[in-house]
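First residue of the sequence shown: 35, per the numbering used here; consecutive thereafter.
Every residue gets a Cβ at the ideal spot worked out from N, C-alpha and C, and that includes glycine.
Let me begin by presenting the structure, written as structure tokens, before commenting on it.
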Amino acid sequence: MVRLRAYYDGKVIVPVGPVDLPVGRVIEIDAHAVHDDSRGAPAAVLRAIGQPPHVSGEDAAALMEAIEGGKLPVRYRGAFDE
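Following this line, the structure appears as structure tokens:
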């Protein structure tokens, strides 16, 4: 499977970078819009889970657990309050 990033110029689809595919071969492309979320943002990661290739429910649950476990605790006192 090859991931191809491209944009539509109003007439044709133009690849963003070099494409490593055999010349003349017909390919099938499933297109979707790319969101502008920061790389690694939880929303971007969760959105990627729903896109092919799909991950298992167990993997998704493990990701959610890792996201929750990585959150910093809320501190109601400042570092200099004592």
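Between the alpha carbons of Ala67 and Val108 lies a distance of about 35 angstroms.
Nearest to Val36 by C-alpha distance, out of Leu106, Gly51, Gly44 and Val46, is Gly51. In the DSSP assignment, Tyr110 forms no beta bridge with any residue.
Cβ contact annotation for Tyr42 (same chain, cutoff 8 angstroms, sequence separation greater than five): Val48, in chain order. Apart from sequence neighbours up to five positions away, the residues of its chain that approach Ala40 with a beta-carbon distance below 7 angstroms are Ile47, Val48, Pro49 and Val50, ordered along the chain.
Pairing Glu62 with Ala100, the inter-Cα distance amounts to about 35 angstroms.
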